Every structure is written in structure tokens, then in C-alpha cells.
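Everything on this sheet refers to the single structure shown next.
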Amino acid sequence: SAYRDTRLKDVKADTVRREFNLLRHVWVVAHREWGVVSKDNPFEDLRMPKAAPNRERTLTSEEWERLRKVAQSQSQRFLYPMLLLAYESGLRRSELLNLRPTDIDLSRGDLKVRDSKSGFGRLVFLSPSTCEVLKHWILENDKMDKVFSCSIYGLRYAFERALVSAGIEDFRWHDLRHCATSRLAEAGLSPL
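For the sequence shown, the numbering used here begins at 14 and goes up steadily by one.
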């Protein structure tokens, strides 16, 4: 508990919760699999800090239009196709940065995510407008090993500049996933 309280001075409650969940699991494995610790897990009765409320920030249609226009005019040309793809498909930032040209089939209008957070690949369907933007992007950048050759830091910098230019506050790249799922739900698609 002293470690928890000290740690809360440096990081947020959710970080402490994740760390203690990992430590709790290590204790369980050490007991069940290796038999090296007692059954009494000291982490079981430890009071955890409250979890932060879930973020549910999405862009209004006006905010999206402003951000889209700013992204199209940015000198970092990769931002607009990445932003559009994330907004319409809900792809994670890491999934976008790992896309290879061979993962995209524009004739069918889909792409394959090979490495996802869940550890499983999946097929993602693309809108006609996203296919058109990707077609032009891939034709202009056909020598690249990956579809988007920017770094995570380059993307973060370009995105944060675009948000400031568009006058959008309290919005993160990951919130684009919420935008995508909200739009799909509004269109009548089931959660599955």
C-alpha cells in the first residue's frame, strides 16, 4: 500500500491499477505453476485506486470537417490518408504504421490487419472515398516498404499541429476509434 501511494504521486490511477494487476497475476502464476510462493496473494486484499471514467470523446461533424481540411493542407502529406483511414475504419495507430502495400486490396475495397493488439488478424472494409485516397497515396509512394513511412513521433507531431490549427481541444488519436465505431453504430451496423 505504501508503494501504491508513492506511485500515485507520479502516475495516474489507471497505471497503478495495471501494474498491480500484473503483480497479482505474477503471484498467481508463481503459486499455481511454480509452487514457489504461498497461496495467500498479498495483492488480493489491497485497495485499488478508482479507475478513471471511460473516454467517449468523438468529433462533431464540424470538427471533423475542420480537421480534415487542415490535414489536407499540411506539409506532412501522410497525415490526411492516415487520418481518413483511422476515422472511417477505426484502425489503431500501430496498425496504420505497420500496414504494407500487400495488405491492401483496393479492387475488393479491404485491407488485412496482420498484427493487432488482440494478437489476431482481421479484415477491414474500406469506403469508396478511403479507397480513392489510398489509391493515389500508394501510386505516389510505390517504392515504400510500408504504406506510411512516418514514425509514431512524426505522426503525433503532425496530428497535434493539425488539432491546434483546427481549434480542436481534448482530442487524442485513439479517439478516432470511437468516432469510427459511433459512425458505424449510427449507420445501423450491429456491435459484432
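Positions of the beta carbon are idealized from the N, C-alpha and C atoms, including for glycine.
Computed from a predicted model, the values in this text were never measured in an experiment.
Neighbour-count burial assignment, Trp47, 16 or more Cβ in a 10 Å radius
Reading the sequence shown from its first residue, position 34 is the one you call residue 47. Its Cβ having fewer than 16 others within 10 Å, Trp47 is exposed.
Counting contacts by CB-CB distance shorter than 8 Å, is Pro66 in contact with chain D?
Among the chains of the structure shown, chain D does not appear; only one protein chain is present.
Residue(s) in a DSSP beta bridge with Ile117
For the purposes of this step, residue 117 is identified with residue 104 of the sequence shown, where counting begins at 1. DSSP output for Ile117 lists Leu124 as bridge partner(s).
At the level of alpha carbons, what is the spacing between Ala99 and Glu145?
Translated into positions along the sequence shown, residue 99 becomes position 86. Translated into positions along the sequence shown, residue 145 becomes position 132. If you take the alpha carbons of Ala99 and Glu145, they lie about 15 Å apart.
Which listed residue (Glu101, Leu119, Arg37) has its alpha carbon closest to that of Asp58
Counting from 1 along the sequence shown, the entry for residue 58 is found at position 45. Minimum Cα-Cα distance from Asp58 among the listed residues Glu101, Leu119, Arg37 corresponds to Arg37.
When DSSP builds the beta bridges, which residues end up paired with Phe138?
Locating residue 138 in the sequence shown gives position 125, where the first residue counts as 1. Paired residue(s): Asp123.
Distance check for Thr71 and Phe184, CA to CA, integer angstroms please.
Here the question's residue 184 lines up with position 171 in the sequence shown. Here the question's residue 71 lines up with position 58 in the sequence shown. If you take the alpha carbons of Phe184 and Thr71, they lie about 8 Å apart.
When the distance is taken between beta carbons, is Gly132 closer than 8 Å to Lys12?
Any answer about residue 12 is impossible in this case: the structure gives the chain only from 14 up to 205.
DSSP-derived helix/strand/coil call for Pro94:
The count along the sequence shown starts at 1 and reaches residue 94 at position 81. The answer is helix: DSSP assigns Pro94 an H, G or I state.
Roughly how many angstroms lie between the CA atoms of Glu101 and Phe33, to the nearest whole one?
Position 88 of the sequence shown, counted from the start, is the residue given in the question as residue 101. Position 20 of the sequence shown, counted from the start, is the residue given in the question as residue 33. Cα to Cα, the separation comes out at about 35 Å.
Can you find at least 3 beta carbon pairs, one from the segment 79 to 93 and one from the segment 170 to 183, that sit closer than 8 Å?
A contact exists between the segment 79 to 93 and the segment 170 to 183.
Report back the beta-carbon spacing between Pro94 and Trp150 to the nearest angstrom; my notes put them in contact at under 8 Å.
Residue numbering aside, residue 94 sits at position 81 when the sequence shown is read from its first letter. Residue numbering aside, residue 150 sits at position 137 when the sequence shown is read from its first letter. At roughly 5 Å, the Cβ-Cβ gap stays under 8 Å, so Pro94 and Trp150 are in contact.
Which runs of the alpha helix (DSSP H) spanning at least 4 residues fall entirely within the segment 38 to 106, listed in chain order?
As far as the segment 38 to 106 is concerned, its whole alpha helix (DSSP H) runs of at least 4 residues are 74 to 86, 92 to 102.
Please report the Cβ distance between Ala65 and Lys25, rounded to the nearest whole angstrom; I am assuming they are in contact, meaning their Cβ atoms lie under 8 Å.
Numbered from its first residue, the sequence shown carries residue 65 at position 52. Numbered from its first residue, the sequence shown carries residue 25 at position 12. About 7 Å separates the Cβ atoms of Ala65 and Lys25, confirming a contact at the 8 Å cut-off.
Looking only at its chain, what residues have a beta carbon closer than 8 Å to the beta carbon of Thr143, apart from the 5 residues adjacent to it on each side?
The count along the sequence shown starts at 1 and reaches residue 143 at position 130. Only Leu97, Leu98, Glu101, Ser102 meet the Cβ criterion.
Cα separation between Ser140 and Leu197?
In the sequence shown, residue 140 corresponds to position 127, counting from 1. In the sequence shown, residue 197 corresponds to position 184, counting from 1. Ser140 and Leu197: Cα-Cα distance of roughly 12 Å.
Counted within 10 angstroms of its Cβ, other Cβ atoms place Phe161 as buried (16 or more) or exposed
Your numbering for residue 161 matches position 148 in the sequence shown. Per the 10 Å Cβ criterion, buried.
Pick from Thr28, Glu199, Arg105, Arg190: whose alpha carbon is nearest that of Pro62?
The count along the sequence shown starts at 1 and reaches residue 62 at position 49. Ranking Thr28, Glu199, Arg105, Arg190 by Cα distance to Pro62 puts Thr28 first.
Residues near Arg52 by beta carbon distance below 7 Å, same chain, minus five either side
What you label residue 52 is simply residue 39 of the sequence shown in a count that begins at 1. Residue identity differs from the one stated: residue 52 is Lys in this sequence, not Arg. When the five nearest sequence neighbours on each side are left out, the beta carbons in the same chain lying within less than 7 Å of the beta carbon of Lys52 are those of His44, in order along the chain.
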